[in-house]
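Protein chains in written order, with this note's numbering: chain A, 8 to 253; chain B, 51 to 444; chain C, 844 to 1205.
Set out below in structure tokens:
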């Protein structure tokens, strides 16, 4: 096996006195797809937000694709170029059109010519199946469409890693599927390293190589999806699964 | 858990790309720049002062002023010091600001509510008032009121006499004042006592309601106390009827109290102008409380006045207080326009002082210090009040 | 069962003018009392005002004696003095220049108010406009006679002080607002101190400072003229208020927008320039217009340090011994000018606010 693309060693983080991440150790292989689940407040979002430094860890080591995350701005910028992120609340830029949302990063961060950036953007819009919305503003789209635009925006940066922070939990139920379909399609194309915080267990069963269960700031259990769901080892995992699977 | 903290911290080196290093550098540069500019200005100033032979410092405040002040709440003559003149200025500023704030709040609230009235005429009148008053510079309004008082009102001999004892002329407004009678002191004490008792009664009524569920007409009782006790004091004192009524003597009225044309114009201008802004603050505050709140309260079976008192006003008040505070601050700062029509406020007196003594820097520092003190005091008080309201609401 | 009931007209008593009057004026005893009070107030004020301003007024008198004989207002005074009031001491034959400059300034303001121009073209338009105003006012080139700025006055000067004041205060205020939200304590403290200090004192004290203290601050032999000093005071004053308005806009931008920009790898200035400020500034346009109105009104205070703006030239017009005693007419006239400017701007700002409120939903 080659060197992991993400290495987290003994990562700790506190919000004031509150210990949100406790001794996190996690290696993610290139092309691996991981689903992170756990009760709310368990630190799962914080953990993946540490990977592109939206949150700062206070102890331990995080190495992304050979670059360690330190206080160095150049390193942070380099890592953010390689890591795409999809947020719970989309975080599209409401004053820019869909196309402008998609080309902003490629033009100003990757310094691509405009025509090329737009061509790439249209390619990804077709992949998320909404090329006809390119000239509209985010506010004119439905939640599901907005989230698909957000996925396309990240893909336009040609990232090696995609982070998904509860991508479907702010959506109306009838829109969850269209977003999951796009994510499954992305997974099936292979090659992309994906970390996804979600409670969509169907998605986990379908695409994940590994499922991680977090509780109270630590990784309690991790396993292959079939093992994880059929034979959870830890008491806390069993309790959680019984609550979300009814 | 504690030993977790002993783990390895992320590596750091001194590096320009480290945001912490950058921030220190930026801050040092900014401070140095400000310091440099400050040093440049101060050294120039010191040089200029020595060239012009101006001694700096506040020693001049001890010197005799040699000028008279038109109106003053404390006695003042040319033999008094500049320091006392400044004090007169501060008191005059405070006097117009306090009276102005009280009147502007009352008038502004009435007009703000009128803006929400369903009565078409009342609503439109209030709108016209607000639009006209807010869109004409205050200074112009001051000149306007001052011109109305001094140019169009008759002289003292033909003074208007709308209420017996009140005379309005181009020399100002004369009103009767109570004489030095024991009964008026009693009435004053009664008034203060009334306020204290009203507060106590409202506390008692709330406690009783909490305990037994019975309500008590707090407002009516409070008004009765605050109005009744002074009258009672006056009656006990022998119910004297004589007042110090102004009388025409020669070319002017003597006796009673005077609102000078300057004070009257300044007060009218400030109150009318600020009331227009306060009206908008009140209107938008009340409108900001969502209709759903009113409906929910009505669905609980609360009566109209209960809805207003228990649901709408507490929420509206929290929205209203911050912009209201800034209106109060504006009124106080705007009172500095007094200098334009010759009311002896702090700006006008500091200006006279700096013209006479040449102590420009000290004079302006005094003005700024006075306003900053007032501004900060009002802010602190309103913040405290806002917190108090927020707690009461919970 | 599926047939829809035909919709019927509402009962007579709820529509029509009589119902309107009943509903809006006499719906309850209190309402009736209020209506009567309002009518009384209108009868007390409007007919006498019309009598004074129109019926009894004299519009054409050649001398003040003739004018004084009229029972109402003497508008002939305005007819006689309007050039002095509007243009101050500017050479009489050259007054088309300040008039044109005023038109340019108004056009700049109107353009800035149009959403169509909210892009990069605005900056060059302003630069060209301000230069044109400067050329017109000073002259000395293109065959225009040179006019010293001590001779400028009236409405154009008021417009210049307000417009140039806001235009220069804007970038300054923007930086102050960013500084106030900065995570660097020293910069944050400096910005807060500046903003709160300026906002805590009246504009008059700033103007006094500019007129008496500024000359002391400068190296010996170095002077700047009175108009520029007043302009500097207005810029410094307006910047603090702009900073607070912009800060309000910055606070309205959700945290997710910062994170979205960060996750794309944008730098601080890219994030601010492309994502945060465009949204924040849109939010603050209505309060900015209000601020501009306030500054426009506040420029009248330069009277106190003796600059010939609209207010001061009016006061000068009033000192003519031949035409004494018509200050009410003059003030009504000047008020009308200020009112037209301020009211149209505030109307515009409210319309914009309504539009932004509906168009900005996410």
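Backbone N, C-alpha and C fix where the C-beta goes; we use that ideal spot for every residue, glycine too.
Model, not experiment: these values are computed from the prediction.
Item	Value
Keeping to the same chain, check which residues put their C-beta closer than 8 Å to that of residue 1163 of chain C; ignore five residues upstream and five downstream.	924
For residue 129 of chain B, which of helix, strand or coil comes out of DSSP?	coil
Can you pull the chain C neighbours of residue 73 of chain A, defined as C-beta to C-beta under 9 Å?	Neighbours of residue 73 of chain A on chain C: none; closest Cβ ~17 Å, over 9 Å.
Taking the alpha-carbon positions, what's the residue 211 of chain B to residue 888 of chain C distance?	20 Å
Could you name the residues that DSSP lists as bridge partners for residue 19 of chain A?	A:66
Provide the residue span of the beta strand (DSSP E) that contains residue 203 of chain A, from first to last.	200-204
Quick one: what's got a C-beta closer than 7 Å to residue 144 of chain A's C-beta in the same chain, skipping five residues either side?	101 and 104
Can you give me the start and stop residues for the alpha helix (DSSP H) that residue 452 of chain B sits inside?	The requested residue 452 of chain B is not part of the displayed model; chain B covers only 51 to 444.
Report yes if the C-beta distance between residue 106 of chain B and residue 99 of chain B is below 8 Å; otherwise report no.	yes
From the DSSP output, read off the bridge partner residues of residue 97 of chain B.	Residue 97 of chain B pairs with nothing; no bridge assigned.
Compute the Euclidean distance between the alpha carbons of residue 225 of chain A and residue 180 of chain A, then round it to the nearest angstrom.	30 Å
Cβ of residue 96 of chain A less than 8 Å from any chain C Cβ?	yes
Would you say residue 983 of chain C and residue 930 of chain C are within 8 Å of each other, going by their C-beta atoms?	no
So residue 220 of chain A is in the beta strand (DSSP E); what residue range does that whole segment cover?	217-222
Is residue 27 of chain A close to chain C, meaning its C-beta is less than 8 Å from at least one C-beta of that chain?	no
Let's see if you can read the secondary structure: which residues bound the beta strand (DSSP E) around residue 307 of chain B?	307-309
Going by the beta-carbon positions, is the gap between residue 1081 of chain C and residue 1009 of chain C smaller than 8 Å?	yes
For residue 1182 of chain C and residue 142 of chain B, what's the separation of their Cα atoms in angstroms?	31 Å
Going by DSSP, which residues form a beta bridge with residue 228 of chain B?	B:293
Given this structure, state the Cα-to-Cα distance separating residue 77 of chain B from residue 1029 of chain C, to the nearest angstrom.	6 Å
Anything in chain C within Cβ reach of residue 77 of chain B, meaning under 8 Å, just list it in chain order.	1027, 1028, 1029 and 1030
So the alpha helix (DSSP H) residue 405 of chain B belongs to, where does it begin and stop?	396-407
Between C:1198, C:1195 and C:1187, which has its C-alpha nearest residue 185 of chain B's C-alpha?	C:1187
Residues of chain B with CB closer than 7 Å to the CB of residue 1052 of chain C, please, in chain order.	414
Does the count of Cβ pairs from the region 199-217 of chain A and the region 22-41 of chain A closer than 8 Å reach three?	yes
Straight-line CA distance for residue 150 of chain A to residue 193 of chain A?	19 Å
Which runs of the beta strand (DSSP E) spanning at least 3 residues fall entirely within the region 347-380 of chain B, listed in chain order?	none
Give the residues from the region 163-187 of chain B that approach chain C closer than 9 Å (Cβ to any Cβ), ordered along the chain.	164, 167, 168, 169, 170, 171, 172, 173, 174, 175, 181, 182, 184, 185, 186 and 187
So is residue 147 of chain A buried or exposed if we call it buried at 16+ other beta carbons inside 10 Å?	exposed
What residue does the alpha helix (DSSP H) around residue 173 of chain B start on, and which one ends it?	170-184
Counting Cβ pairs, one atom from each stretch, are 3 or more of them under 8 Å apart for the region 331-345 of chain B and the region 401-415 of chain B?	no
Are the beta-carbon atoms of residue 245 of chain A and residue 164 of chain A separated by less than 8 Å?	no
Using C-beta distances below 6 Å, list every residue in its chain close to residue 177 of chain A, excluding the 5 sequence neighbours before and after it, in chain order.	95 and 96
Assign residue 1197 of chain C to buried or exposed, taking buried as 16 or more other Cβ atoms, counted over all protein chains shown, within 10 Å of its Cβ.	exposed
In the DSSP output, which residue or residues are listed as bridge partners for residue 106 of chain A?	None; residue 106 of chain A has no bridge partner.
Label residue 1062 of chain C either buried or exposed according to how many other C-beta atoms from any shown protein chain fall within 10 Å of its C-beta, with 16 as the threshold for buried.	exposed
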